[in-house]
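Residue numbers (our numbering), protein chains in the order written: chain S, 215 to 717; chain D, 215 to 717.
Ideal Cβ placement from N, Cα and C applies to all residues, glycine included.
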């Protein structure tokens with residue numbers, strides 16, 4: 215290490231926008247991934263884990279940020295040291311989602327894969343974006359996709375599976391809503407407005423539709439036409455459409471009726487005779503029928519024309535799962551939790567590689583957001599129990615303490631011996647406290663001689679310390695002397711009592 | 215998609231040295247990671263997931279490849295678009311192991327973390343190395359470390375935990391061996407040889423020791439002194455030591471006796487009066503005592519002076535787990551499977567950041583190698599069952615088929631409806647075959663009218679097709695007509711019969 219000493223010390227920090235996850239944050243996420251994988255697998259999907267690194271060429275540019283099409287990924291050029299001529303190698307990048315790699319995998323292995331190919335995938339993805347509060351540059355996604363079928367039964371199935379998954383991970387009915395729309399209906403509206411396929415105003419209109427939730431009907435009309443003074447007093451330029459041209463958008467946005475049939479009727483009126491629009495409505499009707507036959511109510515999955523979803527590659531049905539309960543943000547303001555999952559049909563992604571259109575539909579769950587939501591609602595255990603700590607009273611008798619720990623572990627009890635410097639016994643108890651240990655075991659020289667051990671109930675001890683004025687608590691001992699042979703029995707008894715609710 | 219069409223088609227390939235994992239490869243790995251995490255957690259370790267990306271500065275250069283100290287990582291310079299002056303940002307890299315990030319995490323959070331800090335971590339790591347058969351640039355590690363204690367009880371515990379873990383994932387006693395050595399003993403030998411701490415010959419000697427398994431005692435002596443003609447006929451230059459100077463190395467390599475005490479005695483003779491060497495022997499003795507007290511035999515964990523381990527950062531005990539059974543390599547040659555895990559004490563890693571020495575010891579399991587070993591030995595199910603497939607005889611009745619599938623899923627049976635083009639029924643059965651489906655369910659118009667369904671046992675069907683000459687098989691039907699209401703009961707019955715061994 216001599217050479218390193220002379221260098222300036224490196225800074226011990228995560229790169230900007232990255233973070234570390236500790237203890238329960240990690241185990242709760244793996245449990246959630248496991249649960250979701252269980253649902254996907256039960257539905258017949260197979261696991262796939264593609265590499266985190268792809269060639270830039272294979273990944274393509276499908277990030278939602280249309281204003282900066284080259285940004286958004288972490289990429290580097292391989293220095294091909296293995297090439298005898300030393301010429302620079304391929305551009306590589308970290309995957310930014312799990313859909314682009316799926317398209318590559320399907321194109322690469324299509325002759326061996328079953329068709330349709332139904333796969334699920336989970337893992338981190340990376341975005342080279344400006345970090346913000348709660349926005350990180352590495353986060354988990356958990357996807358399922360059916361590649362190779364145009365059947366709306368695949369789209370309906372994915373919506374039903376999303377609903378099942380949310381309920382399985384602990385979001386009860388009423389606390390979430392899967393909203394379904396169809397990109398073709400949107401395109402039909404744009405056609406009905408007389409905007410050609412390459413008209414740049416199409417993107418402006420889509421972006422305006424996305425603001426419906428915030429600015430309402432009148433606001434959307436203003437934004438589509440002459441512009442609008444926003445809440446902050448700034449003037450937002452309008453798209454510049456005529457009032458009549460904006461009509462189909464408003465008809466579309468207000469098309470939701472009490473039942474699917476009513477919504478469909480309103481949509482039909484909005485798209486006029488656009489062939490694409492009518493096709494989209496037909497698809498939504500099929501999905502609606504399958505959902506109804508499956509027993510999924512509008513309180514679970516709702517056909518709702520107001521959702522757009524950012525990604526440009528969707529070609530048919532799109533859907534989004536929102537949590538509908540309110541939470542308080544970091545400034546104490548009430549707000550809706552918002553979107554935790556989304557997906558849709560993308561019939562063009564594989565074609566990039568093969569030239570042949572391969573219809574596909576998929577779903578992506580933002581696992582980290584879902585975990586955050588469950589934490590906000592207090593549905594995840596914040597500080598689960600640490601291990602039982604066997605303290606060290608006599609350094610020379612480490613083997614004895616290790617045997618005690620082995621006995622506890624063999625009895626199925628999580629346990630460890632204190633491995634720090636044992637000189638200061640207070641530090642041992644502080645350690646147990648920091649680990650949230652339920653119990654400390656003590657065997658000093660006196661105890662050893664008498665054949666006993668001390669077992670300290672740390673949770674009860676903490677309660678007694680907190681409620682020092684209550685007589686009933688004072689009388690309860692939190693430390694017990696038991697014969698050495700009763701170690702397991704007594705530890706089990708205390709652990710069980712700690713799990714009971716307080717009297 | 216209009217713009218993309220005009221570009222040449224991207225190649226659908228994984229970058230060189232990366233691969234995709236399908237189906238059971240993925241689920242078997244997650245099961246193994248879960249099992250290992252369970253053991254680590256039970257031993258009192260807490261989960262940690264650090265980001266995959268670190269600053270190059272924080273990562274440092276600790277890869278074993280001493281000849282190319284700057285190679286080995288995937289790194290890039292961040293283009294800091296968020297900086298108003300547009301100046302280039304930090305150098306970032308993908309982690310190459312889980313130990314360097316742990317040192318960074320510990321240095322960054324040391325004031326909040328318990329001490330000792332006991333953490334486990336699992337996930338992919340990336341090495342920018344030349345790929346080869348079975349050598350990939352992304353692979354999984356599964357680590358556990360105790361940071362902040364110099365106690366040999368921590369080292370002994372990690373060895374015991376490694377032994378427990380290997381047995382838990384399905385490597386029986388006798389099929390593996392954890393071998394323990396101590397870097398200080400090695401340094402003592404180098405001292406006894408009269409090589410100063412900065413003598414470049416030290417590395418040559420260590421590399422030669424690593425070849426002991428291959429070239430034996432005489433070979434090592436030749437390599438240390440005048441050089442050696444290797445099996446291929448090439449002459450390998452010697453280190454250039456005198457014969458007497460090579461003696462301690464040979465004494466060291468042949469020091470293993472039948473019991474720990476005997477080995478220690480031989481080592482003492484080999485290191486002479488080197489203080490470092492005697493300290494290392496003392497540490498091995500302590501570990502040996504704790505292992506014996508824990509009931510671990512020399513058939514599980516063996517103190518063995520011949521292991522070196524590549525990483526330069528080890529400062530005390532080092533250990534390595536080997537699988538001892540033989541397998542056949544791709545060319546059909548018998549060979550030992552070799553190392554699947556390793557670790558040791560590294561007291562200097564955190565000091566890079568803080569200036570203070572923080573003693574630490576850890577373990578890393580190469581999960582992908584372990585899985586490969588279990589596959590070689592036939593201990594992992596190669597082709598587990600796919601989902602029950604409900605076929606589509608009438609496209610218009612998709613909702614009915616979906617209901618059947620829902621019924622099966624609700625009964626806990628993995629199932630799906632065929633989502634491809636249903637026109638060609640043969641394709642539906644081919645699909646079921648490719649998915650390794652145990653059962654296909656068929657309900658055509660006739661069946662619907664009669665209130666029955668056809669249930670096809672695909673596994674029995676395949677067996678009958680294979681054994682067409684056996685009369686007893688021929689008579690067994692593999693397709694059953696049952697009332698629609700008996701769907702679940704009949705499917706359960708067939709699934710159970712498939713799990714029974716053949717008569």
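Apart from the five residues just before and just after residue i, which ones in its own chain have a Cβ nearer than 6 angstroms to its Cβ?
i                     : result
residue 584 (chain D) : 554
residue 491 (chain S) : 399, 402, 485
residue 658 (chain D) : 607
With distances taken between CB atoms, is the gap from residue i to residue j smaller than 8 angstroms?
i                     : j                     : result
residue 602 (chain D) : residue 622 (chain D) : yes
residue 433 (chain S) : residue 620 (chain D) : no
residue 407 (chain S) : residue 462 (chain S) : yes
residue 354 (chain S) : residue 243 (chain S) : yes
residue 520 (chain D) : residue 427 (chain D) : yes
residue 309 (chain D) : residue 343 (chain D) : no
residue 518 (chain S) : residue 435 (chain S) : no
residue 338 (chain S) : residue 352 (chain S) : yes
residue 469 (chain D) : residue 484 (chain D) : yes
residue 527 (chain D) : residue 562 (chain D) : yes
Can you list, in chain order, the residues of its chain whose CB lies under 7 angstroms from that of residue i, leaving out five sequence neighbours each side?
i                     : result
residue 441 (chain D) : 449, 450, 451, 452
residue 496 (chain S) : none
residue 265 (chain D) : none
residue 599 (chain S) : 650, 652
residue 370 (chain S) : 501, 504, 505
residue 615 (chain D) : 604, 606, 631
residue 388 (chain D) : 513
residue 692 (chain S) : 670, 671, 674, 675, 678
Exposed or buried, what is residue i when buried is set at 16 or more other beta-carbons lying within 10 Å of its beta-carbon?
i                     : result
residue 540 (chain D) : exposed
residue 445 (chain S) : exposed
residue 720 (chain D) : Because residue 720 (chain D) is not part of the residues shown, which for chain D are 215 to 717, the question remains open.
residue 397 (chain D) : buried
residue 431 (chain D) : exposed
residue 715 (chain S) : exposed
residue 516 (chain D) : buried
residue 558 (chain S) : buried
residue 699 (chain S) : exposed
residue 642 (chain S) : buried
residue 284 (chain D) : In this prediction, residue 284 (chain D) scores a pLDDT of 48, lower than 50, which makes its location untrustworthy; the coordinate-derived value is nonetheless stated afterwards. It counts as exposed.
residue 443 (chain S) : exposed
residue 624 (chain D) : exposed
residue 609 (chain S) : exposed
residue 260 (chain S) : buried
residue 363 (chain D) : buried
Under 8 angstroms by Cβ, that's how I've got residue i and residue j pegged, so tell me the actual separation to the nearest angstrom.
i                     : j                     : result
residue 274 (chain S) : residue 314 (chain S) : 6 angstroms
residue 672 (chain D) : residue 652 (chain D) : 6 angstroms
residue 669 (chain D) : residue 705 (chain D) : 6 angstroms
residue 552 (chain D) : residue 536 (chain D) : 6 angstroms
Please list, in chain order, all residues of the same chain as residue i whose beta carbon is under 8 angstroms from its beta carbon, the five residues on each side excluded.
i                     : result
residue 548 (chain S) : 540, 541, 542
residue 565 (chain D) : 571, 572
residue 627 (chain D) : 602, 702, 705, 706, 709
residue 499 (chain D) : 474, 478
residue 347 (chain D) : 544
residue 247 (chain D) : 336, 354, 356, 581
| message | Please identify, using Cβ separations under 7 angstroms, the residues of the segment 656 to 675 of chain S that lie next to chain D, in order along the chain. | response | Flagged: no residues at all.
| task | With 8 angstroms as the C-beta to C-beta threshold (strictly closer), list the residues of the segment 547 to 568 of chain D near chain S in chain order. | result | Listed by position along the chain: 562, 565, 566, 567, 568.
| message | Can you pull out the residues from the segment 501 to 517 of chain D whose beta carbon lies closer than 9 angstroms to at least one beta carbon of chain S? | response | Cβ contacts with chain S come from 503, 504, 506, 507, 508, 509.
| task | Taking a Cβ distance cut-off of 9 angstroms, strictly less, list which residues of the segment 615 to 629 of chain D are near chain S, in chain order. | result | Closer than 9 angstroms at the C-beta level to chain S, one finds these residues of the segment 615 to 629 of chain D: 615, 616, 617, 619, 620, 623, 626, 627, 628, 629.
| task | Taking only beta carbons into account, state which residues of the segment 242 to 266 of chain D come closer than 9 angstroms to chain S, listed in chain order. | result | Residues 243, 244, 247, 248, 251, 255, 256, 257, 258, 259, 260, 261, 262, 263, 264, 265, 266.
| field | the segment 313 to 330 of chain S: positions lying closer than 7 angstroms to chain D by Cβ | value | Result list: 318, 319, 321, 322, 328, 329, 330.
| task | Closer than 7 angstroms, Cβ to Cβ, to anything on chain D: give me those residues from the segment 230 to 241 of chain S, in chain order. | result | Those residues of the segment 230 to 241 of chain S placed with their C-beta closer than 7 angstroms to a C-beta in chain D are 232, 233, 234, 235, 236, 237, 240, 241, ordered along the chain.
| Using Cβ-Cβ distances below 7 angstroms, what residues of the segment 348 to 365 of chain D are close to chain S? | Legend: CB atoms of the segment 348 to 365 of chain D lying less than 7 angstroms from CB atoms of chain S belong to residues 352, 360, 362, 363, 365.
| task | Taking a Cβ distance cut-off of 8 angstroms, strictly less, list which residues of the segment 572 to 592 of chain S are near chain D, in chain order. | result | Taking 8 angstroms as the Cβ-Cβ cut-off against chain D, none of the residues of the segment 572 to 592 of chain S qualify.
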